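Please read the structure below before turning to the comments.
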Amino acid sequence: MIKYQASSITRRDTIKAFILGGAAAAVGLNAGAGLAAGQDAGGSIVWAKPLESNLYDPHTAILGTSWELLDLVYDGLTALDANMKPVPCLAESWEQPDPSTYVFKIRTDAKFSNGRNLAAEDVVGSLKRLTDPKTGSFFRLQMGKIKSISSSDAKTVTVAFEEPYAPFLSSLASSMASILPMKELSEGTFDPMKEMLGSGPYKVVSHVQDDHWVLERNEHYWQAGLPKISTITVRIMPADQSRIAGLRDGSIDVASFEASPDVGLLLSGVQGIDVIQNPSTSVFYLMLNAVWDKSPFRNKKLRQAVALSLDKQKMIEVAFGGIGEVSSVMPPLFKACDVDGLQFYKRDVEKAKALLKESGVGKIKFRFDIGPTTAYSVLAQLIKDNVAEIGLDAEISVSDEPSWIKKIWVDNPSPTDASIFWFAGYSDPAMVPLWFNPQLAGFTAGYVPEDPELNTKIDRARGLSQDDPARPQSLQSLCSAIDEAATQIPLVTRIDTVAFRKAKFAKFNTAHLDGYGNTLFGVEQAELSQ
Amino acid sequence: MRGLVGFLLFRVLSASVTLLGLTLVVFTAMHLIPGDFTEVLVPRGTPEFRKALAERLGLDGPLYWQYLTWLKNLVSGDFGASLITSQPVWKEFAGRLPVTMELAVLSVATSIAIGAPLGLISGLAGTGRFVSAISRVFCGFTVSLPDFFLGTIFLYVFSKYALGLTVGDFVPLSVNPEAHFRGMALPVLSLSLLGIGTVAAVTRETVFTLSDQDYVFAATVRGRSMSQIVRRHFVRNASVPLLTVISIYLGYLLGGSILIEQLFSLPGIGRYIFQAVQARDYPVVQAGVVMIAAAFVLTNMLTDIAYGVIDPRMRAGHEH
Amino acid sequence: MSIEATMKFFVRLRRAMLSDTVSAVAAVVLVLILLISIFGPFLPIGKPDQIGFGPRLGGWSWSAPMGTDQLGRSVLARVLQGIRVTFVLSTVSVAIAGLAGALVGISATYFHRLADEVASRTADIMFAFPPILLGFLVVAIFRPGVTSAMAVIALITFPTMLRVVRASTLSVMRRDFMLVAEISGVSFVDRIFRHLLPNVANVIVVQTIYSISLGMLIESSLSFLGLGVQPPAASLGSLLRDGATYLEIAPWLSVGPGIILALSIMSINLVGDATRSFVDPTYRF
Chain U
52 MIKYQASSIT
62 RRDTIKAFIL
72 GGAAAAVGLN
82 AGAGLAAGQD
92 AGGSIVWAKP
102 LESNLYDPHT
112 AILGTSWELL
122 DLVYDGLTAL
132 DANMKPVPCL
142 AESWEQPDPS
152 TYVFKIRTDA
162 KFSNGRNLAA
172 EDVVGSLKRL
182 TDPKTGSFFR
192 LQMGKIKSIS
202 SSDAKTVTVA
212 FEEPYAPFLS
222 SLASSMASIL
232 PMKELSEGTF
242 DPMKEMLGSG
252 PYKVVSHVQD
262 DHWVLERNEH
272 YWQAGLPKIS
282 TITVRIMPAD
292 QSRIAGLRDG
302 SIDVASFEAS
312 PDVGLLLSGV
322 QGIDVIQNPS
332 TSVFYLMLNA
342 VWDKSPFRNK
352 KLRQAVALSL
362 DKQKMIEVAF
372 GGIGEVSSVM
382 PPLFKACDVD
392 GLQFYKRDVE
402 KAKALLKESG
412 VGKIKFRFDI
422 GPTTAYSVLA
432 QLIKDNVAEI
442 GLDAEISVSD
452 EPSWIKKIWV
462 DNPSPTDASI
472 FWFAGYSDPA
482 MVPLWFNPQL
492 AGFTAGYVPE
502 DPELNTKIDR
512 ARGLSQDDPA
522 RPQSLQSLCS
532 AIDEAATQIP
542 LVTRIDTVAF
552 RKAKFAKFNT
562 AHLDGYGNTL
572 FGVEQAELSQ
Chain L
31 MRGLVGFLLF
41 RVLSASVTLL
51 GLTLVVFTAM
61 HLIPGDFTEV
71 LVPRGTPEFR
81 KALAERLGLD
91 GPLYWQYLTW
101 LKNLVSGDFG
111 ASLITSQPVW
121 KEFAGRLPVT
131 MELAVLSVAT
141 SIAIGAPLGL
151 ISGLAGTGRF
161 VSAISRVFCG
171 FTVSLPDFFL
181 GTIFLYVFSK
191 YALGLTVGDF
201 VPLSVNPEAH
211 FRGMALPVLS
221 LSLLGIGTVA
231 AVTRETVFTL
241 SDQDYVFAAT
251 VRGRSMSQIV
261 RRHFVRNASV
271 PLLTVISIYL
281 GYLLGGSILI
291 EQLFSLPGIG
301 RYIFQAVQAR
311 DYPVVQAGVV
321 MIAAAFVLTN
331 MLTDIAYGVI
341 DPRMRAGHEH
Chain F
877 MSIEATMKFF
887 VRLRRAMLSD
897 TVSAVAAVVL
907 VLILLISIFG
917 PFLPIGKPDQ
927 IGFGPRLGGW
937 SWSAPMGTDQ
947 LGRSVLARVL
957 QGIRVTFVLS
967 TVSVAIAGLA
977 GALVGISATY
987 FHRLADEVAS
997 RTADIMFAFP
1007 PILLGFLVVA
1017 IFRPGVTSAM
1027 AVIALITFPT
1037 MLRVVRASTL
1047 SVMRRDFMLV
1057 AEISGVSFVD
1067 RIFRHLLPNV
1077 ANVIVVQTIY
1087 SISLGMLIES
1097 SLSFLGLGVQ
1107 PPAASLGSLL
1117 RDGATYLEIA
1127 PWLSVGPGII
1137 LALSIMSINL
1147 VGDATRSFVD
1157 PTYRF
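Okay, structure coming up:
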């Protein structure tokens, strides 16, 4: 169904920096191999992450920092394998009697961590809750135009669409499409906004806000013998240097880094760790406000001039220590968009200057509002430098996260000229383009203007099934249209860094492609050495 | 006696007025920041959804009403519940307050233990001498080095080389006292630097003032050694100025250890409140600031009262 | 104080300060740091925001004597800009706080008990507010940048200023000459400007000097949290913040700014001590 195969991982191979940890690691590996995963013999690890998760409800969780935790507690109908191909999870199998209908066989031996068996009602209820506008999920539209969700017996769930929707199985694998215990929810004994109760590998046993979480193995997890590690302590440590110090002195086993510039370089001085920087479909975007009446970027030629002035290769080199790839709206991993066919993709300062002249705007100053992340700050300074070459002056202003989010995604129109952010790229090239339809996406309406022609292209690309011969052409045309609109200009892919202490693990296979910010991908399979 | 009671009443009253004003300031400030809690929680949610959420969390009424409700609950001892975790705010603070308190108390203790002897030695050495110059530069340096900078250097050095002290690995006292103090040592040291310099400087000044006094001169004439004199007169004379700086320093530590708590990943109240501001968890921030300020005001008030009781002339300043 | 009196004051102050080695060294260091930072823009060391002036995270070189940062900018150029920004920010905001503190302090004390109470309680409220949180709230409500940072420094230093001025106004007003002036019919304005102000000015000057060093600490803490000057501009605090992460592989990014910040604050404090001992003979060092 999905066209990229296992070989796509070798195309841009997993970037691994092996730092020689000496004999200790080798000994550890051998010793660990013989260890049987007993009930409590799995041991425990400490995982340090930079940001707290404030959103517990999977259906409305918007930030990657929440997803990475939700992924440990909840499961969906499908999951993604290491190559981002949908594989069975809570659905043991599915079939498509026609292009617009999916029939899922539910894994009824799966249990929630409270011991109750998963029922078809949980699946039907969860999907209905997710797609109900009242729930307020931003992911609702990524589920396609669903006509009905029903169960014919305790094991069978049928989802019918108004028209074919290609990315559906991929969407189901996201944290947002997690299956909640609907019985407890409707009885009022479970409030997804306040607690987590899922059928995933781990359950929450304690939490101190902004400090740590303790997760324990879900005894009822449906995959026999998994997870192997019995306890994961999640520590919230905002400063990069604190997490690095913890890795160095051994108080932390796994640390994740939110696309911090140069983190690979900084970690190169730490003995005995493995650094993983997996390719991802997440992409950084430069937003130019084409809606707000005070924004100069309502002028399309000006936006295109800015797009042409950008030196994206330099962003990778300078901002991310050489890690990542220049990207269109469809990240290179998807192989869906031929960038040579894009007009405003490659840097061309002369053409940018000409366009600026044509735009009639002149050499203006604009306000560049960014969030409080080092990556944003470095990217913004590089962009400031780029646009200065064609005579524009960007005035950078860093706000705290909520003020900034309100400005760009809540207020309509967004009271700012430009900003930077990133979107998870999910696992299908037709998914993210939805954010270019302001009416449907909603949150982008503050800066993306209505464009019926583009909307038609988005709809068409999403309607064609993966093996439809018309799909590649449709995606390419959509990719060009988005390039030309230059409202949210794709910059470079966003690569997360995960570092772990080699000696601690016998097996920690985290080489995978990433579409949903699942930081500890495959941790249920990980084994510790003794 | 009437004077003393009046003085006490006056202090308590003005402290209450201060705290009342503070509740208004912190409430207003929190609600003036752009991005309210519902927007932070579900930025891509529909307006209707946010409205329902606000209703559920009691964030929907007019602001003055929300303020009065909060104030009313506060007075009756109800701090509300965290918007994020739904836990009672007092419970959230109960676990974290001891960490910050310990940090503060240990830092004050360290400051006195190191600062006072230093000040004494350099004070006794007299002015204009080499020792005096050294100690002035030392005191000047300790109060000039930002604690977060020192903390950053500690973080690197102590994680790189196994020197016995741990960074960012907080172990509760009840779990393992030894590991606990090994983790607290560096944050305390980072925070004490300012205190050491301040205490040393104040001690030094006191010694100077002391040596000016006639009775000290008389004691010297009587052939008492300087150490005897210091033992006899110093403690009484130094207590008032030391009390002043320490009460201010303590107040600073209760609210000022945010950066150090963050750097060393300590689960204290400073870091918690700071994160809560960024998550717009109103009840937590409001209660936290009021709590820190109350501690600060209380410390000041007690110090003032202590002065007033010790020295009736001090009361005059408050009553004109 | 008349201009002439002010001049005389500073001439005597300078003489007193130079007679003490530590104060003299501190004053010289301070003047040197300021001079270098003022003339920084004219030195051939690159512009502080010139990306790719040298290699990324490069060490010492003739053109970039303090190395280069993560964007290949000259650290020396940025440090010099940082000193300017930090000094100016702190001085201007403390001057505002000092002026406001003096005005409010004197008038509130002089006029009415109620005014005095209101001013004192306001100062108490600001004093009791945890400083970094106060800074965060102010910056988040308005927009981050130079103006907000100045407002924060002024807000934090203001209450101390007010208290000091109030206390010394109270003590001066109890002195006989104030009573004599009032009885002998000296006009109100003259009483304030010729009798009261000259006698509290000393205290204000000393407190201002101390506040400037406090202001620099506040600025650096704010910038360390990313709430100060906005990129690409540098302040000593923002340099420390950017450099802290790179301490291991590029220590020159933070050690230089850290030392200069500590040295500046220390010099200001020592100069403050010297000034204080000059205006208050009971204070010695």
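Residue numbers (our numbering), protein chains in the order written: chain U, 52 to 581; chain L, 31 to 350; chain F, 877 to 1161.
For every residue, glycine included, the Cβ atom is placed at its ideal position computed from N, Cα and C.
Being a predicted model, the structure only gives us computed values, none of them experimental.
(request) Can you grab the Cα-Cα spacing for the pair proline 347(U) / leucine 50(L), in whole Å? (result) 46 Å
(message) Just to confirm, is the Cβ distance from valine 1079(F) to valine 1155(F) under 9 Å?
(response) yes
(request) Taking all protein chains shown into account, decide if serine 106(L) is buried (16 or more other Cβ within 10 angstroms of its Cβ) or exposed. (result) Classification of serine 106(L): exposed, given that the 10 Å Cβ count is below 16.
(message) Taking the alpha carbon of arginine 191(U) as the reference point, which residue from Asp510(U), Ser199(U), Ser201(U), Arg180(U) has its own alpha carbon closest?
(response) Arg180(U)
(request) Measure the Cβ-Cβ separation of valine 305(U) and arginine 552(U) and say whether it is below 9 Å. (result) yes
(message) So, with DSSP's three-state summary, where would you put tyrosine 253(U)?
(response) strand
(request) Pull up the CB-CB distance for leucine 361(U) and cysteine 530(U), whole angstroms please, since I reckon it's below 8 Å. (result) About 17 Å; that fails the 8 Å criterion.
(request) Would you mind sorting glutamine 524(U) into buried or exposed? The rule is 16 or more other CB atoms within 10 Å of its CB. (result) exposed
(request) Kindly indicate if chain U contains any beta-carbon less than 9 Å away from that of phenylalanine 1012(F). (result) Closer than 9 Å: yes.
(request) Please report how far the alpha carbon of proline 931(F) lies from the alpha carbon of proline 1107(F), in whole angstroms. (result) 20 Å
(message) Less than 9 Å between the C-beta atoms of lysine 363(U) and valine 342(U), yes or no?
(response) no
(request) Identify whether methionine 482(U) lies in helix, strand or coil by the three-state DSSP scheme. (result) coil
(request) Can you check the stretch 930–997 of chain F for any alpha helix (DSSP H) of at least 4 residues that lies completely inside it and give the ranges in chain order? (result) 951–987
(request) Could you give the DSSP three-state label for phenylalanine 241(U): helix, strand or coil? (result) When DSSP states are grouped into helix, strand and coil, phenylalanine 241(U) belongs to the coil group.
(request) Find the residues of chain L that neighbour isoleucine 456(U), judging by a C-beta separation of less than 8 Å, and give them in chain order. (result) Gly65, Glu69, Val70, Pro73
(request) Run through the stretch 133–199 of chain L for me and flag every whole alpha helix (DSSP H) of 4 or more residues, listed as ranges in chain order. (result) 160–172, 177–190
(message) Does the CB of glycine 568(U) have a neighbour CB from chain L at under 9 Å?
(response) False, the Cβ-Cβ gap to chain L never drops below 9 Å.
(message) Determine whether the beta carbon atoms of lysine 351(U) and alanine 536(U) lie at a separation below 9 Å.
(response) yes
(message) At the level of alpha carbons, what is the spacing between proline 520(U) and methionine 135(U)?
(response) 22 Å
(request) Mind checking which residues open and close the beta strand (DSSP E) that includes proline 137(U)? (result) 137–139
(message) Cβ closer than 8 Å: which chain U residues qualify as neighbours of glutamine 946(F)?
(response) Pro312, Asp313, Val369, Val429, listed in chain order.
(message) Rounded to whole angstroms, what is the Cα-Cα separation between alanine 146(L) and valine 135(L)?
(response) Cα to Cα, alanine 146(L) sits roughly 16 Å from valine 135(L).
(message) Would you say glycine 94(U) lies against chain L (beta-carbon separation less than 9 Å)?
(response) no
(message) I'd like to check one pair, valine 574(U) with proline 252(U): are the Cβ atoms closer than 9 Å?
(response) Remark: C-beta atoms of proline 252(U) and valine 574(U) approach each other more closely than 9 Å.
(request) Starting from the Cα of glycine 373(U), find the closest Cα among Ser311(U), Gln355(U), Leu102(U), Lys397(U) and give me that residue. (result) Ser311(U)
(request) Determine the extent of the beta strand (DSSP E) in which threonine 495(U) is found, giving its start and end residues. (result) Counting along the chain, threonine 495(U) falls outside any beta strand (DSSP E), and DSSP gives it neither H nor E.
(message) With the cut-off set at 9 Å, would you say alanine 217(U) and methionine 194(U) are in Cβ contact?
(response) no
(message) Could you check whether the Cβ of valine 951(F) sits closer than 9 Å to any Cβ belonging to chain L?
(response) Not a single CB atom of chain L sits nearer than 9 Å to the CB of valine 951(F).
(message) Our contact map puts methionine 942(F) next to tryptophan 1128(F) with C-beta atoms below 8 Å; I'd like the distance itself, whole angstroms only.
(response) Yes, they are in contact, since the Cβ atoms of methionine 942(F) and tryptophan 1128(F) sit about 6 Å apart, within 8 Å.
(message) Under DSSP, the alpha helix (DSSP H) around glutamine 394(U) begins and ends at which residues?
(response) Looking at the DSSP string, glutamine 394(U) is not in any alpha helix (DSSP H), and its letter there is neither H nor E.
(request) Evaluate glutamate 309(U) with the Cβ neighbour count: other Cβ atoms within 10 Å of its Cβ, from every protein chain shown; 16 or more gives buried, anything less gives exposed. (result) buried
(message) Assuming the contact rule is C-beta atoms closer than 8 Å, isoleucine 381(U) and proline 489(U) should be a hit. Round their C-beta distance to whole Å, please.
(response) Note that residue 381(U) corresponds to methionine in the displayed sequence, not to isoleucine. Methionine 381(U) to proline 489(U), Cβ: 20 Å. No contact.
(request) Could you confirm whether any beta carbon from chain F is found closer than 9 Å to the beta carbon of glycine 149(L)? (result) no
(request) Check the Cβ-Cβ distances between valine 449(U) and every residue of chain F, and say whether any is below 9 Å. (result) yes
(request) Output the boundary residues of the beta strand (DSSP E) element that contains isoleucine 421(U). (result) 416–421
(message) Please tell me whether lysine 81(L) has its Cβ less than 9 Å away from any Cβ of chain F.
(response) no
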